[in-house]
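Here the structure comes first, spelled out in structure tokens, and everything after it is commentary.
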Amino acid sequence: MTDEPEGDPTVILVTGGTGNVGANIVRQLLDAGEQVRVVTRAPDEHSLPGETEVVRGDLSRPETLPAALAGIERVFLFPVFDAIAGFLRAGRQAGLRHVVLLSSAAAGFPSRGWIGEQHLRAEQAVASSGLPWTFVRPDAFMTNDLAWAPQIAGGGVVRGAYGEAALAPVDPRDIAAVAVHALLKERVGETYTVTGPQSLTHLDRVRIIGEAIGRPVRFEELPRDTVRQQMVQHGMPAPAADELLDGLAARVGEPAATLPTVEELTGRRASTYAEWVSLHRAAFTPTVTS
Numbered sequence: 006m007t008d009e010p011e012g013d014p015t016v017i018l019v020t021g022g023t024g025n026v027g028a029n030i031v032r033q034l035l036d037a038g039e040q041v042r043v044v045t046r047a048p049d050e051h052s053l054p055g056e057t058e059v060v061r062g063d064l065s066r067p068e069t070l071p072a073a074l075a076g077i078e079r080v081f082l083f084p085v086f087d088a089i090a091g092f093l094r095a096g097r098q099a100g101l102r103h104v105v106l107l108s109s110a111a112a113g114f115p116s117r118g119w120i121g122e123q124h125l126r127a128e129q130a131v132a133s134s135g136l137p138w139t140f141v142r143p144d145a146f147m148t149n150d151l152a153w154a155p156q157i158a159g160g161g162v163v164r165g166a167y168g169e170a171a172l173a174p175v176d177p178r179d180i181a182a183v184a185v186h187a188l189l190k191e192r193v194g195e196t197y198t199v200t201g202p203q204s205l206t207h208l209d210r211v212r213i214i215g216e217a218i219g220r221p222v223r224f225e226e227l228p229r230d231t232v233r234q235q236m237v238q239h240g241m242p243a244p245a246a247d248e249l250l251d252g253l254a255a256r257v258g259e260p261a262a263t264l265p266t267v268e269e270l271t272g273r274r275a276s277t278y279a280e281w282v283s284l285h286r287a288a289f290t291p292t293v294t295s
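Numbered per this note's numbering, the sequence shown spans residues 6 to 295.
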């Protein structure tokens, strides 16, 4: 680990810079006075802060990466699994000296399953590349619950399986804060598992959303097979659907572990679920038509 000043003028590359975590990393780095470059396949289709340098590139097309990596020493790497090897080769050639990889808490589970194995392979590829690394392993994203928005806005009923399953969902802003800390402090060789501050069941989270929008919202339990079929129909690989449902089943009646990672690294507490919902209240609120 080095303790270089946070005003280091070198440009930091953010991949996945328009996503839930990446967009927050861009904003937080800019707020810290850093110069930021974002690589994206479609620069004209995204709205990024005006101070951001935006370059056209595609992680799955290694020939586009030298321009994106020119002059870059530090990078936040979004895990495009089939593109990791090509990116790392380009990164070595460009002289990268720190890769902060977005991974998953599932990579550290005793039974990793399909999702955990995919992330663990990405971690292993980065670790074996010879490039200095940090891994950020978030648990469930609070933003996953935006998938409930049409059901809540449309009728106030969320339908799913295992309503009593408990998670410790984390705000993407907090995941970003941990990644930014790793980038600026160059916390090399460390792995950070990130959770939210509360153990909450599906029923708890649905209730909190209802309180935020000022109308009743309830959870309706569906059979596991029905939910699995819906997941697969919406494009989720069957092994991932099975793993997610198995994981929820195992969490019924068991409080989710919460970790102090966000507060320990950033000096501020992690955002609560209610605070996150308050920022996204409009997504869950029915549209009033005259």
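In this text, a Cβ means the ideal position worked out from N, Cα and C, and glycines have one as well.
DSSP on R102, reduced to helix/strand/coil?
coil
Buried or exposed by the 16-neighbour rule on C-beta atoms within 10 Å, applied to N149
exposed
Short of 8 angstroms in beta carbon distance, which residues of its chain neighbour Q302, apart from the five on each side in sequence? Order them along the chain.
Absent from the structure is residue 302, since the part of the chain shown begins at 6 and ends at 295.
CA-to-CA distance, R178 to N29, given in whole angstroms
6 angstroms
What is the DSSP secondary structure of Y278, reduced to helix, strand or coil?
helix
Taking only the alpha-carbon atoms, compute the straight-line gap between H186 and V211 and give it to the nearest angstrom.
32 angstroms
If you measure between the beta carbons of R286 and I218, is that distance less than 8 angstroms?
yes
7 angstroms Cβ shell around A182 - same chain, five flanking residues per side excluded
Q33, V267, T271
May I ask you to list the residues that DSSP assigns as paired with G165?
E226
From this set, D247, E50, T23, P48, which residue's C-alpha is nearest L82's C-alpha?
T23
Taking R142 as the reference, which of A73, L18, P84 has the closest Cα?
P84
Buried or exposed for G21, please, with buried defined as at least 16 other CB atoms from any protein chain shown within 10 angstroms of its CB.
buried
Beta strand (DSSP E) containing L82: first to last residue?
79 to 82
Can you tell me which of L227, R274, L208, M236 puts its alpha carbon nearest to the alpha carbon of A166?
L227
Exposed or buried, which one is F92 when buried takes at least 16 other CB atoms within 10 Å?
buried
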